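Below is one structure, written out as structure tokens; comments come after it.
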Amino acid sequence: MEASGDTDEPPLPLTLTGFQVSEEFGFLLPNPLTELPAPYGPWMDIAHELPQLITSHQLRSRVHQMPQLSTQHLRGREELHLAHLVLSFITMGYVWQEGEEGTVQVLPRNLAVPYWEVSQALGLPPILSHADFVLANWRRKDPHGNLDTIITLPGGESLRGFILVTLLVEKAAVPGIKAIILALGAILRCDEEALHRALEELAGAIGAMSAALRRMHDYVDPEVFYSVIRIFLSGWKDNPAMPHGLIYEGVSPEPLAYSGGSAAQSTVLHAFDELLGICHRQDCAAFLHRMRHYMPPAHRAFVERIRGAVSLKQHVLCSGDARLRAAFNRCVSALAAFRSCHIAIVTKYIATAAAKAKARRAQPGAGAGPSAGKPPSALEAKGTGGSHIFSFLKSIRDSTREGMISA
Ligand code: HEM
7 MEASGDTDEP PLPLTLTGFQ VSEEFGFLLP NPLTELPAPY GPWMDIAHEL PQLITSHQLR
67 SRVHQMPQLS TQHLRGREEL HLAHLVLSFI TMGYVWQEGE EGTVQVLPRN LAVPYWEVSQ
127 ALGLPPILSH ADFVLANWRR KDPHGNLDTI ITLPGGESLR GFILVTLLVE KAAVPGIKAI
187 ILALGAILRC DEEALHRALE ELAGAIGAMS AALRRMHDYV DPEVFYSVIR IFLSGWKDNP
247 AMPHGLIYEG VSPEPLAYSG GSAAQSTVLH AFDELLGICH RQDCAAFLHR MRHYMPPAHR
307 AFVERIRGAV SLKQHVLCSG DARLRAAFNR CVSALAAFRS CHIAIVTKYI ATAAAKAKAR
367 RAQPGAGAGP SAGKPPSALE AKGTGGSHIF SFLKSIRDST REGMISA
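Here it is, written out as structure tokens:
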């Protein structure tokens, strides 16, 4: 993979395809496979029944009966991504089937060993990440282009909405990802006109991402998100519900700790931050940098390459060109607005939903298990990645604003 921040890097222009980024779909996997070869029927059968198996508390026993399959029949990136998606969803269901009070310490060998092998082959961690949950989890439902997920968990239409709205944000980012390449190429050629056009394109794409993000309100019920969906995205690092991590039987005798799935693992915002030279507070930057290890390695390399490229901000500053400066600032301001919009969503889907869930829990006769609507109380003040969410998100939004160039 590419080295980071290396001053001897070959000169740009960059290409998207060299980093497994698609002209049409950006970081999304283009046209993901929906079925694995026949020998993997036992995985697919379980994966297609996951919501029912989890809510009826039968998933763990089904997994125990599952044969240990060799991964040697998996061919190419597409099959590996589908295998990772399937095994990630089965693993999250297995771990969280009984809620945060009924977790397991061991992932059984017949699941852990192939999951580990597929993860190694892709350079992904053996846990559900954004790369599985969103990037590799979509298909066209009909010839009109309507979308659906491939694998799902409890949460019904709200879960579908959560995944597909996040996918629409990724899709809206595509012109912005292409604009990165155009902007860096334009700087090298000292083509200020092309640079200006690229920055306008980027600002427009970030605006479209905010519009897509707001569709969360139409498709995702906050109570379902908080009480049913969220726990299945939780990891086993810095999580009081699984303080010791998880033993992957047959892989390592020691427990391993991984953060849960989060769009903080989306390459889009990392790439934009690097291009615009946004500097985050040290603790926030450390968390975000850790999240890069949950990205496909080629996407992580793309971010590192932008980081190592010529500085856009420095170029705009040195140019003294007011038009370029205004276009640059429009990008930064659109990015801060995206983050404000995201904070409003997190407030609704986590903080407000948590307060309501707490009030409900105080009432007598509250049920047990996530399927019965019991929220993951240990996670109330924290993000799925274990961060203190609001100070973290606001700091990131504020440091984005500070990235503006003053006149
Ligand atoms: C119901 C919807 C959502 C909720 C409740 C939510 C929640 C969170 C939380 C709690 C964090 C803190 C870090 C962590 O725990 O991992 C976070 C970070 C983040 N989320 Fe979301 N999120 C939602 C949707 C989205 C969507 C659709 C995107 C866009 C792709 C997104 C992008 C991000 C990014 C980029 C970060 C890292 C912080 C930053 O760079 O500003 N989120 N989110």
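Residues are numbered in this note's numbering as their position in the sequence shown, beginning at 1, plus a constant of 6.
Every residue, glycine too, gets a C-beta built ideally from N, C-alpha and C.
On a predicted model such as this, the values are computed, not experimentally measured, just so you know.
{"Item": "Contact under 8 Å by Cβ, V274 with F33", "Value": "yes"}
{"Item": "Whole-angstrom C-beta distance between A363 and S233, which should lie under 8 Å", "Value": "6 Å"}
{"Item": "Proximal residues to A343 (C-beta, below 7 Å), its chain only, five neighbours per side dropped", "Value": "S216"}
{"Item": "T410 versus E123 - alpha carbon distance", "Value": "Inspection of the sequence shows that residue 410 is occupied by Met rather than by Thr. Cα-Cα distance, rounded: 44 Å."}
{"Item": "Runs of alpha helix (DSSP H) lying entirely within the segment 127 to 156, each at least 4 residues, in chain order", "Value": "none"}
{"Item": "A211 Cβ short of 7 Å to the ligand HEM heavy atom set", "Value": "no"}
{"Item": "At least 3 beta-carbon pairs within less than 8 Å: the segment 248 to 262 vs the segment 144 to 157", "Value": "no"}
{"Item": "Per-residue DSSP class, three states only, for H394", "Value": "strand"}
{"Item": "Chain-order list of residues whose beta-carbon lies under 7 Å from that of E198 (same chain, five-residue window excluded)", "Value": "S325, D327, L330"}
{"Item": "Limits of the alpha helix (DSSP H) - the one that G210 falls within", "Value": "198 to 220"}
{"Item": "Assigned exposure category for A365 - 16 Cβ within 10 Å defines buried", "Value": "exposed"}
{"Item": "Span of the alpha helix (DSSP H), counted from its first residue to its last, around I284", "Value": "Taken as a continuous stretch (DSSP letters only), I284 belongs to no alpha helix (DSSP H), as it is neither H nor E."}
{"Item": "Backbone secondary structure at V112 - three-state DSSP", "Value": "strand"}
{"Item": "Heavy atom of the ligand HEM within 7 Å of T155 beta-carbon", "Value": "no"}
{"Item": "Beta-bridge partners of S28, as assigned by DSSP", "Value": "G32"}
{"Item": "Heavy atom of the ligand HEM within 7 Å of Y355 beta-carbon", "Value": "yes"}
{"Item": "Cutoff 7 Å; reference G267; Cβ partners in own chain excluding five residues on either side", "Value": "L134, S135, H136, F139, L239, T390"}
{"Item": "Separation of A142 from E84, as counted between CA atoms", "Value": "9 Å"}
{"Item": "Member of L153, V101, E280 whose CA lies at the smallest distance from the CA of T109", "Value": "V101"}
{"Item": "The alpha helix (DSSP H) enclosing F231, as first and last residue numbers", "Value": "Neither: F231 is in no alpha helix (DSSP H) and is coded neither H nor E."}
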